[in-house]
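What follows is one structure encoded as structure tokens, with my remarks underneath.
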Amino acid sequence: MSSQKPGRNDPCPCGSGKKYKACHASEDRARETVAPPAAAPAHPLARDLQAAMDMLGDSDMSRVSETLGHLGELLKQWGPGPGLRFDAEAFEKHVSRVLERLDEAVERDPAQARNTLRVGTVRELGTRSFLERLRATLLSRATTAGLSSEDRQALCLGALLASTPKSGKFQPEDRPVLDVVFDVQFREWSSRQRQELASKLEVLVSGADDISDEARDALRKAGQGEMEPLVKYVEGDPKLAARIAHEARERSTRVEAAMREPSTPSVFTPEEQIWLTTVLWEPLRALKNPGEDAEARRTAVTGFLGAAKAALQDDREFIEGMLERMRAQSQDPKLDETTRAFFSDAAVAFEAEPVRMVLAAILTSRNEAQARSAEEQVVRADLEALTRWTPGDLEPYRKLLTDMKLPAAAERIHRAQLWLASHPVAL
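Just so it is clear: in the sequence shown, position 71 is 62 by the numbering used here, and no numbers are missing.
Laid out in structure tokens, this is it:
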């Protein structure tokens, strides 16, 4: 068949017998005017991803270090956000726990202690799921309008370094992007700790008329994050140190007196109260019935204090949860001013002397812990009606708390069940 295009008056090549102009000419013209398919648009981050890959392939890694430093600045600028930080609660608990163990190491070699903390935190929290969220978040942020090419390349580099193999093991400490996240989050955490300390000290000395200009200047600097002048001033001023100690004692006394008032709410949640009842029942019963012998009474008091201290050491989350809740209640606009002031004082007192204040709350508080629902109130009433507690007796309460989406509370009841398995409570 000839490939030459027929003339308008020639027979149509289709064999219809009609002239080409009356048959397929219009269709052929339309087909010839259709534009070829457009090429697929390039990915908006194609160039930036390529630039990031080029950095990783370069034998000189200085650009990678500089770009990761820029990524850290972006994360700091944006502040905590979903996918850009380790879980805040898990981070704080892990860092606080590790720093307690590294107390002496920090004094000897701060840099080495910090490196130990960094590696441990990254291994603990740098999971595959976290890296996947981080990668997706960084790529999403990279498409934000108004970013410079330097910004986009930093985000793309971070996303590439957050990529993980589909299967098999990987070493989180080998992912430098996790070091960037740790550095930023640790600075934020440290800043909050300094600000909280400065705030507490400022409250303690705010009522003193004889505080020197040097002390006030140290407080001002502490509020700006420079703690060293304040620490040195407190260490070198016995009068100020004595006033702080005196104010702390007065605060604890106020809190204990307030807990005796019927109008003061309990500092415990219901499951905390049940947990304390289980683990302290025997020493509490011995304390309330010590006998006439002075040595027996002394033994009962010592046993009760020791049991309470051991319980709080075994369950560090107990005090942490209380303090977090008290601080929130001290700012709750739904509460009256007196109650907010009580929780503000209680947060400081319980943090400074957790064992003493928990015991004071157990022995002096006039109010029961407030149930969060009618169902919880019913389950608690059923428990209080029993004369003996076993692990099975607490199971309905544990299930209810699970249904109420309170996993931490349910876990505390589970701990009480484990205790009851070998320490049944006869009420």
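Just so it is clear, CB atoms sit at the ideal spot from N, CA and C, and this is done for glycine as well. If you're wondering where the values come from, they're calculated on a predicted model, not measured in any experiment.
Using three-state DSSP, classify P2 as helix, strand or coil. strand
If you run the structure through DSSP and keep just helix, strand and coil, what is R379? strand
Cα-Cα separation, F174 to R105: First, the amino acid is wrong: residue 174 is Asp here, not Phe. Between D174 and R105, the C-alpha separation is close to 10 Å.
Check whether the stretch 142 to 155 and the stretch 36 to 45 are in contact - that is, three or more C-beta pairs closer than 8 Å. yes
Per-residue burial, T255 [other beta carbons within 10 Å of its own, 16 or more giving buried]: buried
R379 and A417: beta carbons closer than 8 Å? yes
Can you give me the C-alpha to C-alpha distance between D484 and H414, rounded to a whole angstrom? Any question about residue 484 goes unanswered here, given that the chain covers just -8 to 418.
Please indicate yes or no: does the CB of Q144 lie closer than 7 Å to some heavy atom of the ligand MG? In the structure on display, the ligand MG does not appear, and there are no ligands present to speak of.
Helix, strand or coil for A31 per DSSP? Because A31 sits at a pLDDT of 49, beneath the cut-off of 50, its placement in the model cannot be relied upon, and the point is left open.
Let me check one thing: in DSSP terms, what residues is K421 bridge-paired to? Not covered by the structure: residue 421. The range shown for the chain is -8 to 418.
How should M52 be labelled, buried or exposed, when 16 other C-beta atoms within 10 angstroms of its C-beta is the threshold for buried? exposed
Own chain, CB closer than 7 Å to E83, minus 5 neighbours either side, in chain order: W180
Per DSSP, the bridge partner or partners of V258: DSSP lists no beta-bridge partner residue for V258.
Those runs of the alpha helix (DSSP H) which lie wholly inside the stretch 73 to 135 and span at least 4 residues: 79 to 92, 94 to 99, 101 to 116, 119 to 133
Can you tell me which of the three DSSP states A153 falls into? coil
Return yes when the Cβ of L278 is within less than 8 Å of the Cβ of I353, no when it is not. L278 is positioned such that its CB atom lies no closer than 8 Å to that of I353.
When you compare only the Cα positions, how much space is there between A31 and R124? Low confidence applies here, because A31 scores a pLDDT of 49, under 50, leaving its location unreliable; read the following figure in that light. If you take the alpha carbons of A31 and R124, they lie about 28 Å apart.
Using DSSP bridges, identify the partner residues of A417. R379
Could you give the distance in angstroms between the alpha-carbon of L409 and the alpha-carbon of R289? 29 Å
For A16 and M(-8), the rounded distance between their alpha carbons: Below a pLDDT of 50, predicted positions are generally treated as unreliable, and M(-8), at 42, falls in that range; the measurement from the model is reported next regardless. Rounded to whole angstroms, M(-8) to A16 spans 17 Å at the Cα level.
Leaving out five residues before and five after R178 in sequence, what residues of the same chain have Cβ atoms less than 8 Å from its Cβ? Closer than 8 Å at the Cβ level, and outside the excluded window around R178, lie K67.
Within its chain, find whatever has a CB closer than 8 Å to the CB of E342; leave out the 5 residues flanking it on each side and keep chain order. I310, L314
When we look at the beta-carbon of E91 and count the other beta-carbons within 10 Å, is it buried (16 or more) or exposed? exposed
Buried versus exposed, by CB contacts within 10 Å (16 or more), R240: Burial check for R240: the Cβ neighbour count within 10 Å stays below 16, so the residue is exposed.
Who are the Cβ neighbours of C3 in its own chain at under 6 Å, not counting the five residues just before and after it? K9, Y11, C14, H15
Tell me where the alpha helix (DSSP H) around K300 begins and ends. Here the alpha helix (DSSP H) through K300 covers 285 to 305.
Determine, using beta carbons only, whether Q176 and R76 come nearer to each other than 8 Å. yes
In whole angstroms, what is the alpha-carbon distance linking D428 and V292? Nothing about residue 428 can be reported from this structure: the residues present for the chain run from -8 to 418 only.
Rounded straight-line distance, which links the Cα of L303 to that of R403: 13 Å
Within this structure, are the beta carbons of R371 and P261 separated by less than 8 Å? yes
Distance CB(F259)-CB(A362) smaller than 8 Å: no
Just verifying my parser: in three-state terms, what is the DSSP assignment at D327? coil
Mapping the DSSP letters down to three states, classify I404 as helix, strand or coil. helix
With DSSP run on the structure shown, which of helix, strand or coil describes H61? Residue state for H61 is assigned as helix, using DSSP reduced to three classes.
As a quick exercise: from S139, T135, V113, D208, pick the residue whose alpha carbon is nearest that of V168. V113
Within the continuous alpha helix (DSSP H) that includes R38, where are the two ends? 37 to 48
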